[in-house]
Every structure is written in structure tokens, then in C-alpha cells.
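Protein sequence lines, in the order shown, are assigned to chains A and B. The letter at position 74 of the first sequence is residue 251 when you use our numbering, and the numbering goes up by one with no holes. The letter at position 110 of the second sequence is residue 287 when you use our numbering, and the numbering goes up by one with no holes.
2 protein chains.
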Amino acid sequence: MPNNQFKRGELYSVINGMASTAVARRLQKNFRQAGLEITIEQWSVLYHLWKEDCLSQQELCNRTFRDKPSITRLIDNLEKQKLVKRTASKEDRRINLVCLTETAKGLQDLTIDLANQTMSEALIGVNKEEIETVKSVFQRVYDNLT
Amino acid sequence: MPNNQFKRGELYSVINGMASTAVARRLQKNFRQAGLEITIEQWSVLYHLWKEDCLSQQELCNRTFRDKPSITRLIDNLEKQKLVKRTASKEDRRINLVCLTETAKGLQDLTIDLANQTMSEALIGVNKEEIETVKSVFQRVYDNLT
DNA sequence: GGCATATAGTTAGTTATGCAACTAATTTCA
DNA sequence: TGAAATTAGTTGCATAACTAACTATATGCC
């Protein structure tokens, strides 16, 4: 493996460590300062529903890379906050369609602005090619492992 | 911000999403298949102690990018499994020095092999320059936010 | 039709994370 | 010297993650 010589565990720390934690914390902080009561995990679910509303829980699992119990409880909490609603599908009664409420629709622009602003802060001094490299590497890593 | 034009939230998903989750899950799975009962979070603490033994909890916070309660509880669990031991420092009695047991020392080679092997699987088709770019970008992101 | 199998979602138990509030030991400095 | 501020670590509370085991509905096949 000529390309993959690296120090013990170091790369694991890179991919799973400091940067993603720091970004997550900053985004959460920016949400809180804007008076938003949602977690970034909840936001990531809403994000996919803003792109396409009324997805099944299984589809949300696939798109957010979470397992089923995680999605069940995220939806539980989002439903408590009246941001989404479960509706049984008429074609297949095993399926819950998760749809946005009007309240949630109203949060879209603000939270996406905050996410963009957070990423702008995070990426000061990083150029477009580097971003493309990171995205492309991460895609290959994901594909290698799934 | 000429360098930072990107689609809504997309980059957030890249940095916090699929790749790191996939690597973490694979590493955990490889530990389990080798009969190791430790979590990747516990491993990441042990990893820093293998590099330098008997660190304070605060120093472990800095090196693992975790907050103090997280380290307190990770050490609690590692102590239950008899992998580390807390010892009050003689110079400053506020400080707990966290030291490896012989059992933990014996796990070093195996777990680091498993981590390296996992990262090799993950990085098939990724070259050295790309890895360096990812590391460098993540370092700058971290510095920007802290 | 009816049994085996697969799929969608939930529940229970353990570990981990973040924040806020707390105790105890140490340092600062007037 | 002694009160105020700082530092190290712990505890309580809420959310989230993974695994395994579970219910309910749908599908496949004889």
C-alpha cells in the first residue's frame, strides 16, 4: 500500500476529530444565539425535508446516514416541537411519511443562512480546489466502506 | 467571499456527515470482530496515553478535543474496565494523572493495527497529496473556529 | 389460501456529548 | 495575610448514537 503510509491512528483523528467537532459546535452556538431551539441533528433532518418534503423515515435514514432508531427519536423530538408531522402512507401502512409544518417551513431561510455563514467562518483561507478535494476524498471514503 | 460559494448546507454535510460516520462505524466493527470490548471514543483516549502516559484529564481534553465532562465519564468507564487508573498529582492535588494499566499497554499494538487497517480500507484510491490537503484544510478549519 | 421471509418502524439498554452549576485546590495581588 | 479570581475535576439534565430484540404490515411462493 504505497499511498497509505501514515502515522498510527493519526488519520483517524483527522477525519473524525477536531474539525467536524469544531464546526458542529460553532453551528450549534450560532443557532442558539439566533434564538433557535433546534439541535444540529434536528436541523440536518429538516434540511433534507426542505429539499424534498414528506419522506419516509427509512429514506431519511439513507439521506442522513443514520440508523432507524436514531431517526425514530429525532422525529419524536421534532414532532414534540411541532416542526414535523408523521402521516401513515395510504399505499403502504408500514410507512410513516414525515412532513414539515408551516413553522418548520418558516425556519428554512434563517437556518440555511446561519449554516452558510458558519461554513464561511470555518473556511477562511481555504480555496475552492481544496474544498473540492475534501469533498471528493470523503465521497471515495464513504464508497470504500459501504 | 469569492472562495466560499457553495450550495446551502451542503458543505456542512460533507464535513460532519457520511465519511466520518462510516469510518467510525467500520473501526468499531473491526474492534468488535477482534473481540475487543472498547469503544472508539475510549480507544481515542488510550491512543493519546500510549503516546504519552499519565496525562491530566485537562490535557486529555485538549488532545482529544473533548470537554471536561466527556473526559470525566470516559475515564470512569475506562477505569471500570481496568484499563486506566487515576492518581492524584503530588504537586497539585486538583490534578488527576490518568495512567495506563498493564492490560491497556497490551492492547496497543493490536488496536493500532486495526486502526491502520481500517484507514487503509477507507483510503483505497486516495493519494498522499489528497490526504495532505484534507489534513491541512481541517487544521485551518479548526484554527478558524477556536 | 397460508406460511416463510422481508421491510418499516419502535422500544430498551449502554455509551457519549454539550451545557450549566457545582466543589475543591491553587494562584494573584492589594 | 486573606479575599477574589482561576483552574481541575464532578454531577445533573437533555439529546443523540449503536445494538439487539421486538411489532406490524407487505410480499413471495408453494
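Every residue, glycine too, gets a C-beta built ideally from N, C-alpha and C. Just so you know, these numbers come straight off a predicted model, no measurement behind them.
I need the straight-line Cα distance from residue i to residue j, nearest angstrom please.
i: Pro246(B); j: His225(B); result: 18 Å
i: Ala281(A); j: Asp269(A); result: 26 Å
i: Gln205(A); j: Thr264(A); result: 29 Å
i: Cys276(B); j: Glu309(A); result: 42 Å
i: Ile215(B); j: Thr241(A); result: 26 Å
i: Gln258(B); j: Leu213(B); result: 12 Å
i: Gln234(B); j: Ile217(A); result: 28 Å
i: Asp244(A); j: Thr323(A); result: 14 Å
i: Leu284(B); j: Arg271(B); result: 29 Å
i: Ala211(A); j: Asp286(A); result: 13 Å
i: Leu255(B); j: Glu229(A); result: 43 Å
i: Trp227(A); j: Trp227(B); result: 46 Å
i: Met195(B); j: Glu236(A); result: 15 Å
i: Glu307(B); j: Glu307(A); result: 9 Å
With residue i and residue j assumed to form a contact (beta carbons below 8 Å), what rounded beta-carbon distance in angstroms separates them?
i: Leu291(B); j: Phe208(B); result: 6 Å
i: Ala199(A); j: Val200(B); result: The Cβ separation is near 18 Å, so there is no contact.
i: Thr278(A); j: Lys267(A); result: Not really, about 20 Å apart at Cβ, beyond 8 Å.
i: Cys231(A); j: Leu274(A); result: 5 Å
Report yes if the CB atom of residue i is closer than 8 Å to the CB atom of residue j, and no otherwise.
i: Ala299(A); j: Asn293(B); result: no
i: Thr288(B); j: Arg203(B); result: no
i: Ser197(A); j: Ser297(B); result: no
List the residues of chain A whose Cβ lies closer than 7 Å to the Cβ of residue i, in chain order.
i: Ala299(B); result: Val318, Asn321 and Leu322
i: Thr216(B); result: Those do not exist, as Thr216(B) stays about 12 Å from chain A at its closest Cβ, beyond 7 Å.
i: Leu307(B); result: Note on residue identity: the sequence assigns Glu, not Leu, to residue 307(B). Under the 7 Å cutoff, chain A gives Thr310 and Val314.
Residues of chain A with a CB under 8 Å from the CB of residue i: which are they?
i: Arg203(B); result: Leu322
i: Phe208(B); result: In chain order: nothing, as chain A lies at least about 12 Å away.
Listing by chain order, which chain B residues have their CB less than 7 Å from the CB of residue i?
i: Val261(A); result: Simply none; closest approach about 17 Å.
Comparing the CB of residue i with every heavy atom of the ligand COA, is any distance shorter than 7 Å?
i: Leu251(A); result: As for the ligand COA, it is missing from this structure, which has no ligand bound.
Kindly list, in the order they appear in chain B, the residues whose Cβ is closer than 8 Å to that of residue i.
i: Gly302(A); result: Arg317 and Asn321
If contact is defined by three or more beta carbon pairs under 8 Å, each pair taking one atom from either stretch, is the stretch 209 to 222 of chain B in contact with the stretch 250 to 261 of chain B? yes
When you compare the stretch 313 to 320 of chain B with the stretch 294 to 311 of chain A, are there three or more beta-carbon pairs, one atom per stretch, that lie closer than 8 Å? Contact between the stretch 313 to 320 of chain B and the stretch 294 to 311 of chain A is present, because at least three Cβ pairs lie under 8 Å.
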